[in-house]
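Have a look at the structure below, then the notes.
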Amino acid sequence: MLKSVIKVVAFTVPATLTLFDTCGYVCRVEGSSMRPLINDSYKEINYVFLNRWNHRNYDFVRGEVVCLTCPSDPKQKILKRIIALEGDIVRTINYKEKHITVPKGYCWVEGDNHKQSLDSNIFGPVPLGLINSKATHVVWPLNRIQSIPVTDVSQRIKNYRRLECVAQTGFYVSKEQQSVNSFVPQVETQRFEQTRSYKQQ
């Protein structure tokens with residue numbers, strides 16, 4: 023009997039740890055930095071599901087909530103929203119610089135409740151390597167069960183329009199070309215001219 027129990031434990035514990043390490047787990051969240059999305063009141067404690075699978079390729083998206091190791095206290099894990107990724111010029115909130123370009127391999131994270139959040143506006147850009155999972159759902163209490171949305175943070179990124187244009191078209195579009203009236207025609211012209219140059223070569 024004892025041997026059977028030992029075998030079950032010997033199999034179950036490693037399998038459970040592997041599941042937590044690769045797939046995800048539920049964690050208790052304290053504090054008010056992500057209000058009203060998480061812990062809507064000061065007395066409330068929410069439980070959140072952290073997805074560890076989707077972060078493995080560092081495929082992060084602006085506006086999603088992630089769990090990361092706190093840069094100022096490595097023993098602490100914090101939940102924050104990604105505001106900007108590498109190359110973005112982010113508009114900061116009460117940071118020592120009004121605008122900052124996020125370095126390669128870094129991101130800019132903030133709490134939804136800016137007035138009570140320990141985030142990049144205090145410790146600056148964060149290495150992507152500190153992110154260990156993505157927060158996808160509030161799972162407890164029952165009246166708070168919901169998916170955690172990816173919000174639009176484009177207004178916080180000074181060069182977002184240019185980045186969006188380059189991502190969609192593959193062309194750099196100058197600031198003057200980004201007006202509503204001239205953007206599409208000029209991009210189409212650039213595409214045509216580039217195609218024509220290929221044919222001539």
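Here this note's numbering is used: the first residue of the sequence shown is 23, the next is one more, and so on. From the three backbone atoms N, C-alpha and C, an ideal C-beta is built for every residue, glycine too.
Inter-residue spacing [alpha-carbon to alpha-carbon] between residue i and residue j
i           : j           : result
residue 167 : residue 161 : 5 Å
residue 95  : residue 80  : 22 Å
residue 141 : residue 45  : 26 Å
residue 108 : residue 62  : 31 Å
residue 136 : residue 97  : 22 Å
residue 120 : residue 182 : 16 Å
residue 153 : residue 133 : 15 Å
residue 143 : residue 53  : 18 Å
residue 93  : residue 71  : 22 Å
residue 151 : residue 102 : 15 Å
residue 163 : residue 105 : 27 Å
Among the options, the one whose alpha carbon lies nearest that of residue i
i           : options               : result
residue 83  : 69, 156 and 66        : 156
residue 68  : 48, 112, 75 and 181   : 48
residue 86  : 165, 73 and 93        : 73
residue 225 : 180, 178, 173 and 148 : Look at the range of the chain in this structure, 23 to 223, and you will see that residue 225 is not part of it.
residue 175 : 125, 110 and 126      : 110
residue 172 : 158, 165 and 163      : 158
Extent of the continuous alpha helix (DSSP H) to which residue i belongs
i           : result
residue 142 : 142 to 145
Counted within 10 angstroms of its Cβ, other Cβ atoms place residue i as buried (16 or more) or exposed
i           : result
residue 169 : exposed
residue 58  : exposed
residue 90  : buried
residue 55  : buried
residue 178 : buried
residue 64  : exposed
residue 75  : exposed
Endpoints, the beta strand (DSSP E) within which residue i is located
i           : result
residue 68  : 68 to 73
residue 104 : 95 to 107
residue 47  : 46 to 51
For residue i, the residue or residues it bridges with in DSSP
i           : result
residue 131 : 104
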